[in-house]
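Going by my numbering, the letters in the sequence shown line up with residues 4 to 89, in that order.
Beta carbons are placed, not taken as given, at the ideal position from N, Cα and C, and that holds for glycine.
Every value quoted in this text rests on a predicted model; they were computed, and no experiment measured them.
For reference, the structure is listed below as structure tokens.
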Amino acid sequence: MKKFFNKWTRKFHRWIAVPTVIIIPLAVISKFSRSGAEYLPPQLEQFQSILMLLLVISGSYLYLVPYITKWNRNRSKKRATQPESI
Numbered sequence: 004m005k006k007f008f009n010k011w012t013r014k015f016h017r018w019i020a021v022p023t024v025i026i027i028p029l030a031v032i033s034k035f036s037r038s039g040a041e042y043l044p045p046q047l048e049q050f051q052s053i054l055m056l057l058l059v060i061s062g063s064y065l066y067l068v069p070y071i072t073k074w075n076r077n078r079s080k081k082r083a084t085q086p087e088s089i
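Okay, structure coming up:
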């Protein structure tokens, strides 16, 4: 289950990155051009914010996965090497 979730998160992160990379430069260019700002819908900024939030959440999870795995592995090794006291 964990591997499936990690793969799914990685794919999701990649597919969210594509529209974000396209939308952000378009929004910046249109804001600084004289005629572009009036043609942009206001929902574009909200959509852009949601995409950025999703990228931050999935990216931070993907960044922390190796550390969490290492921590769990070390914890299970310590449990296996400790003698059980009754």
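Neighbour-count burial assignment, residue i, 16 or more Cβ in a 10 Å radius
| i | result |
| --- | --- |
| THR36 | The sequence shown places Ser at residue 36, not Thr. Under this definition SER36 is an exposed residue. |
| SER61 | buried |
CB of residue i within 9 angstroms of CB of residue j, strictly
| i | j | result |
| --- | --- | --- |
| SER52 | LEU43 | no |
| PHE50 | ILE26 | yes |
| LEU54 | PHE15 | no |
| TRP59 | ASN9 | According to the sequence as given, residue 59 is Val; it is not Trp. No; because the gap between Cβ atoms is not below 9 angstroms, this pair is not in contact. |
| THR12 | TYR64 | yes |
| LEU47 | ALA20 | no |
Element boundaries [alpha helix (DSSP H), containing residue i]
| i | result |
| --- | --- |
| SER79 | 46 to 84 |
DSSP three-state assignment for residue i, whether helix, strand or coil
| i | result |
| --- | --- |
| LEU29 | helix |
CB contact below 9 angstroms: residue i versus chain C
| i | result |
| --- | --- |
| ILE32 | Although the question refers to chain C, the structure presented lacks it and comprises just one protein chain. |
Heavy atom of the ligand NAD within 8 angstroms of residue i beta-carbon
| i | result |
| --- | --- |
| PRO86 | Judged by which ligands are present, the structure shown has none, so any question about the ligand NAD falls away. |
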